[in-house]
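Asks: Mind having a look at this structure? Questions to follow.
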Amino acid sequence: MENNCSAQNKEKHLNMEREQMSNGSVGTRDKLRRLKLEMGGRVCIPDTWGQESRLQDWANCTAFTGAYMPAGLASARAALAESP
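All residue numbers for the sequence shown refer to the UniProt record's numbering, where the first residue is 1 and numbers rise by one.
Put into structure tokens, the structure is as follows:
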């Protein structure tokens with residue numbers, strides 16, 4: 001399962017990354033990008049995993065707020081929200 005990049009394009013990017021590494025100017029994002037290019041032909045690294053819609057359930061955590069927050073804290077929060 002080949003990524004969208006051609007083999008020549010990958011090699012070009014890898015050479016650029018190696019040059020940057022020798023200069024000491026490689027950040028974390030660059031390292032991750034290089035890893036993705038290197039592993040692209042050997043391991044399938046999907047851009048999406050098909051379950052992003054399930055993340056919406058976790059984005060809204062108001063269901064957990066009532067269960068884990070003490071009642072006194074909720075009233076203090078409400079008082080702060082109402083104060084000018």
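Cβ coordinates follow ideal geometry from the N, Cα and C atoms, glycine included.
None of the values given here were measured: they were computed from a predicted structure.
Using 8 Å as the threshold, is the segment 7-16 in touch with the segment 27-46, meaning 3 or more CB pairs across them?
Replies: yes
Asks: Going straight from the alpha carbon of residue 29 to that of residue 46, what length do you get?
Replies: Locating residue 29 in the sequence shown gives position 29, counting from the first residue. Locating residue 46 in the sequence shown gives position 46, counting from the first residue. Approximately 17 Å between the Cα atoms of the pair.
Asks: Considering Cα atoms alone, identify which of 9, 80 and 82 is closest to residue 40.
Replies: Numbered from 1 along the sequence shown, position 40 holds the residue referred to as residue 40. Residue 40 has its Cα closest to that of 9, out of 9, 80 and 82.
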